[in-house]
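The next block holds one structure in the form of structure tokens; read it before the comments.
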Amino acid sequence: MAKMEVKTSLLDNMIGVGDMVLLEPLNEETFINNLKNRFDHNEIYTYIGSVVISVNPYRSLPIYSPEKVEDYRNRNFYELSPHIFALSDEAYRSLRDQDKDQCILITGESGAGKTEASKLVMSYVAAVCGKGAEVNQVKEQLLQSNPVLEAFGNAKTVRNDNSSRFGKYMDIEFDFKGDPLGGVISNYLLEKSRVVKQPRGERNFHVFYQLLSGASEELLHKLKLERDFSRYNYLSLDSAKVNGVDDAANFRTVRNAMQIVGFMDHEAESVLEVVAAVLKLGNIEFKPESRVNGLDESKIKDKNELKEICELTGIDQSVLERAFSFRTVEAKQEKVSTTLNVAQAYYARDALAKNLYSRLFSWLVNRINESIKAQTKVRKKVMGVLDIYGFEIFEDNSFEQFIINYCNEKLQQIFIELTLKEEQEEYIREDIEWTHIDYFNNAIICDLIENNTNGILAMLDEECLRPGTVTDETFLEKLNQICATHQHFESRMSKCARFLNDTSLPHSCFRIQHYAGKVLYQVEGFVDKNNDLLYRDLSQAMWKAGHALIKSLFPEGNPAKINLKRPPTAGSQFKASVATLMKNLQTKNPNYIRCIKPNDKKAAHIFNESLVCHQIRYLGLLENVRVRRAGYAFRQAYEPCLERYKMLCKQTWPHWKGPARSGVEVLFNELEIPVEEYSFGRSKIFIRNPRTLFKLEDLRKQRLEDLATLIQKIYRGWKCRTHFLLMKKSQIVIAAWCRRYAQQKRYQQTKASALLIQSYIRGWKARKILRELKHQKRCKEAVTTIAAYWHGTQVRREYRKFFRANAGKKIYEFTLQRIVQKYFLEMKNKMPSLSPIDKNWPPRPYLFLDSTHKELKRIFHLWRCKKYRDQFTDQKKLIYEEKLEASELFKDKKALYPSSVGQPFQGAYLEINKNPKYKKLKDAIEEKIIIAEVVNKINRANGKSTSRIFLLTNNNLLLADQKSGQIKSEVPLVDVTKVSMSSQNDGFFAVHLKEGSEAASKGDFLFSSDHLIEMATKLYRTTLSQTKQKLNIEISDEFLVQFRQDKVCVKFIQGNQKNGSVPTCKRKNNRLLEVAVP
């Protein structure tokens, strides 16, 4: 959506009249038509001076966005179109900058949008005041107090789906910078009768429906509730569900708001338990029962509900049951207990429910005040927001409507007084003569209601306190006697003769002429509602509750604090509260928002003129306008006035050099406005009649059109001249570029022609020189050829005699030389790789070179072998020597040999030097270890194997225990005579020892190893190096081994093994050891 144009004055682009003070002519019809015109164009706000009229649109409008907040921030009240933000900003800036406490009074009937207006005021103030974590927390708590109070204090009525059924006044406290510190909430006259009974088409308070819809099953079970609304007598069923209202979501919102405001979890649970108890109280029913003495008493029909209530509240069941059946009356030292009949029992039950809920609501307000109150004790600035019932005129008006309308009479009285006072102060401040304004003073109506001796409230209290039979009829009779002659009181039974023929008045009614119109009150219920009586037995039963919250709500039930004095009546309490409120409001600068409901259908785009007319009357809006314009209808500061109308005078247009007041005087004199139509104040011009202002606006509009025409003319001339100069400049630039382009093309053509001519000339010269050079070359070649032929001729003549004798030999030698030369050159390009195992060799080209070819092959092979050997280190040479030795010993003899060729000989497989386990073994051996490997030593007795460490040094062969590292055997190499092994693919080998040696005492050794070829080779080389004798290596599939004194034959056979490819050894008899090889 495109951003709307920000207006610079209330009078710009005005739909209808933005300020009713300027309405001409002023009457009820034009007033309503102006409101309707603006309402049809989505202009829901209209001013009466500084008062804002708000018409409920019953739909969302895009006029409350953050951008709108910024538009109205720090702007003059009349600078932009009427808006609730303008009033909020004016009040906030007056509080912050001028140190004036403010109050915003929001009035109107149910459904007119009072609650939404109060929310908008609070949200605007929250948006424009300071920022910071602590400030934001305070703002959030102040804003979140609304959902909690709405849940417990608002209900759906026939006129409003979210009607406030209590009056609320909130004082928001600010520091010197204008940042919120906290707040205090006061509540007035909760409609507690709604708890037990609701009119048709209306609901009980929201919280009951929210609890049943949004609570979890676990919570409902804990509260002993069911989700079905029809289970509870206190809930009306015809309007239980409201279109567009999600009670379950609202319940979650309320729980979250309670947490933000500062309610502890156990406090929130206690509140819900009290709500559940109130709901269940409505389900208690009574039945009559006659006693022996003939008196009727009541009994509870189903005690299950009573039992669950007692479990919720912690009250002894017998105590509460007795409180519903008996009433104890105390007089001085005497106590009298009487039974309650069924009607009285129901009255007691409903009275308890109403008192319990009303006191819970008051406790909630006090608990919220504890959380949101200012924590500092510095001086505070205060802004009060009053959201209270508007004037109510129903078909059946009772005690509640009477005191509500009394409150509105007081608000109207203070409104007139403060408005006149504000007008008078401004006149005095601006040095304007003050003239008395005639207006209706409703003090006489207030006196009729609140007079301490003859007032209606005083007579009602007197009737309630009077001994004897007191009824609503006796109260009406008393009114007829005392108020009969009052001009604002009417009754059918009045002594005033002029009302005797008024048959429109029922017998049980009286009528009061309020400032907003006549209201007919049904006297039925006045006495009971004013008494607001709760039996002492029920108060004491509540005080005995184990539920801490309920106990705190009934302090009068404490037996130690029994007060026989009658509690104050509801009327006297409300009168005192209103007096306190009026006193509070009179200390603050007032700001008014008058809310109007356009229709009863709660539908958008519908404007019911009769309904609006009714509200205009009882809100006294026309009276407000008349009071406002009784002196001067419009006033404005000199600077904006001169700025707005300076174009109407040649002397002030376009700039006025002197003071703004002098400029306005010159302007008004030039326009010949009658002197009686305006007056000059200290800082403002005051205009008496709206016609004068509209004349100025018409002149300004005409002058603006003339100025617009002039500006258009000048602008068009400037635009045409600018366009001409731009075209002229462009033509010059284009012509220059064209000339440049033509010269460039001409130069390029000339340059190309010159280059072409040059190329032709250079080509001709080059061809001429080439012909001369070719001619010279041919001449030289001819001379050389002639000379060569000549020299050849001379030589042939000289050597002809020699040529014939030696020609064959010379030709042979030359040919042979050329063939050998060609042979060597071809061999150079066909040499094979330098790998010694590469057997490729170029083929022989000529037979006579056969011996030479073979010799070259031999010499080349020897040469590349030498080159390959020169690359070896000493260690690598040793490895290859060992590999060569192994090849000579085992190639084509032992089947295991081929698999060992690719495995390097490492020797030290156990890393004895690094392993701390073999430290003791290492210390015991001083020689260099050639091989260290774990072998399997074959047991001589049964053929089983045992792991041993096989160590070979320069002089000895050692066997050590694998686990402990302890040396088991040590054999000098000189005592080793032979090594025997099979020709098959196994790792068994026998080490034969010299007979008679010390090491041969136990016989020869039979081992099995995975590195047989390496071990045998190293043992062979080491023995040869030390003894200078070759060790005999015997390879046979059957050989003898000396075991102690016996010789045992070791025989190798082929066989299938159970354990895979591992050879097995088995002792067959004393003379045969059989090894099965796979």
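Numbers given in this note's numbering equal positions in the sequence shown, counted from 1, plus 115. Backbone N, C-alpha and C fix where the C-beta goes; we use that ideal spot for every residue, glycine too. In this text the structure is predicted, and so the values were computed from the model without any measurement.
Kindly indicate if chain B contains any beta-carbon less than 7 Å away from that of residue i.
i: Phe509; result: Among the protein chains of the structure shown there is no chain B, as only one such chain exists.
Specify, as a first and last residue, the run of the beta strand (DSSP E) that residue i falls within.
i: Asn277; result: Segment: none, Asn277 is in no beta strand (DSSP E) and carries neither H nor E.
i: Cys710; result: 704 to 711
i: Asp431; result: Careful: Asp431 lies outside any beta strand (DSSP E) and carries neither H nor E.
i: Arg1063; result: 1060 to 1068
i: Pro181; result: That residue, Pro181, is in no beta strand (DSSP E); its alpha helix (DSSP H) goes 181 to 187.
i: Gln637; result: 632 to 637
i: Asn1051; result: 1044 to 1053
i: Cys624; result: 624 to 629
i: Glu412; result: 411 to 415
Apart from the five residues just before and just after residue i, which ones in its own chain have a Cβ nearer than 6 Å to its Cβ?
i: Ser725; result: none
i: Arg274; result: Ser225, Gly226
i: Arg342; result: Leu327
i: Arg818; result: Met762, Leu763
i: Asn616; result: Residue placement at Asn616 is poorly supported in this model, since its pLDDT is 48, which falls under 50; the coordinates are not used for a value here.
i: Thr123; result: In this prediction, Thr123 scores a pLDDT of 49, lower than 50, which makes its location untrustworthy; the coordinate-derived value is nonetheless stated afterwards. Excluding sequence neighbours, Thr123 sits near nothing in its chain.
i: Asp417; result: none
i: Asp276; result: Val357
i: Ser233; result: Ile221, Val500, Asp502
Tell me the residue span of the alpha helix (DSSP H) that contains residue i.
i: Gly329; result: 321 to 329
i: Thr589; result: 587 to 597
i: Ala241; result: 229 to 243
i: Ser1274; result: Limits of the chain in this structure are 116 at one end and 1193 at the other, which puts residue 1274 out of reach.
i: Asp502; result: Asp502 -> not in any alpha helix (DSSP H); beta strand (DSSP E) instead, spanning 496 to 502.
i: Ala691; result: 685 to 701
i: Glu205; result: 199 to 213
Leaving out five residues before and five after residue i in sequence, what residues of the same chain have Cβ atoms less than 7 Å from its Cβ?
i: Lys525; result: Cys561, Val693, Met697
i: Leu653; result: Ala438, Ala463, Leu467
i: Ala718; result: Tyr173
i: Leu396; result: Ile424, Arg464, Leu467, Ala468
i: Pro387; result: Note that residue 387 is Leu in the sequence shown here, rather than Pro. Once the five neighbours on either side are set aside, the close Cβ partners of Leu387 are Leu326, Leu338.
For residue i, I'd like the list of residues in its chain whose CB is within less than 8 Å of its CB, leaving aside the five on either flank, ordered along the chain.
i: Asp214; result: Lys496
i: Gly923; result: none
i: Gly1170; result: Ala1191, Val1192, Pro1193
i: Val121; result: Any answer about Val121 is weak, because its pLDDT of 40 lies below 50 and its placement is not dependable; what the coordinates show is given next. Answer for Val121: Asp186, Leu195, listed in chain order.
i: Lys816; result: none
Based on the DSSP secondary-structure assignment, which residues constitute the bridge partners of residue i?
i: Arg1182; result: Leu1188
i: Phe749; result: Ile802
i: Pro295; result: Phe289
i: Asn1147; result: Lys1093
i: Pro1087; result: Asn1071
i: Gln1169; result: Val1192
Quick test of your reading: residue i and residue j, contact by CB under 8 Å. State the CB separation rounded to the nearest angstrom.
i: Gly293; j: Pro197; result: The Cβ separation is near 24 Å, so there is no contact.
i: Leu501; j: Tyr284; result: 5 Å
i: Tyr160; j: Ile219; result: The pair is not a contact, with the Cβ atoms about 14 Å apart (cut-off 8 Å).
i: Met498; j: Ile287; result: 5 Å
i: Ile68; j: Glu787; result: Because the chain in this structure spans residues 116 to 1193, residue 68 falls outside the shown range and cannot be described.
i: Ser413; j: Glu420; result: That belief does not hold up - the Cβ atoms of Ser413 and Glu420 are roughly 15 Å apart, past 8 Å.
i: Ser1123; j: Gly1102; result: 5 Å
i: Val263; j: Val369; result: 6 Å
Check whether the Cβ of residue i sits closer than 6 Å to any heavy atom of the ligand MG, and report yes or no.
i: Ala691; result: By its list of ligands, the structure shown contains no ligand whatsoever, and the ligand MG lies outside what it can speak to.
contact_flag[the stretch 455 to 474, the stretch 380 to 394] where n(CB pairs < 8 Å) is 3 or more: yes
Contact between the stretch 777 to 789 and the stretch 729 to 740: three or more CB pairs below 8 Å? no
Could you tell me whether the stretch 1102 to 1115 touches the stretch 996 to 1006, where touching means 3 or more Cβ pairs closer than 8 Å? no
Quick test of the definition: if touching needs 3 or more C-beta pairs under 8 Å, does the stretch 502 to 517 touch the stretch 631 to 640? yes
Touching or not, the stretch 316 to 335 and the stretch 525 to 544, by the rule of three or more beta carbon pairs under 8 Å? no
Validate contact between the stretch 519 to 533 and the stretch 233 to 244 using beta carbons, cut 8 Å, 3 pairs: no
Can we say the stretch 1035 to 1047 touches the stretch 1064 to 1083, given the rule of at least three CB pairs closer than 8 Å? yes
State whether the stretch 348 to 364 contacts the stretch 305 to 316, with contact taken as three or more CB pairs (one from each stretch) at a distance under 8 Å. yes
Does the structure place the stretch 581 to 593 close enough to the stretch 474 to 485 that three or more beta carbon pairs sit under 8 Å? no
So, do the stretch 696 to 713 and the stretch 156 to 171 have three or more beta carbon pairs nearer to each other than 8 Å? yes
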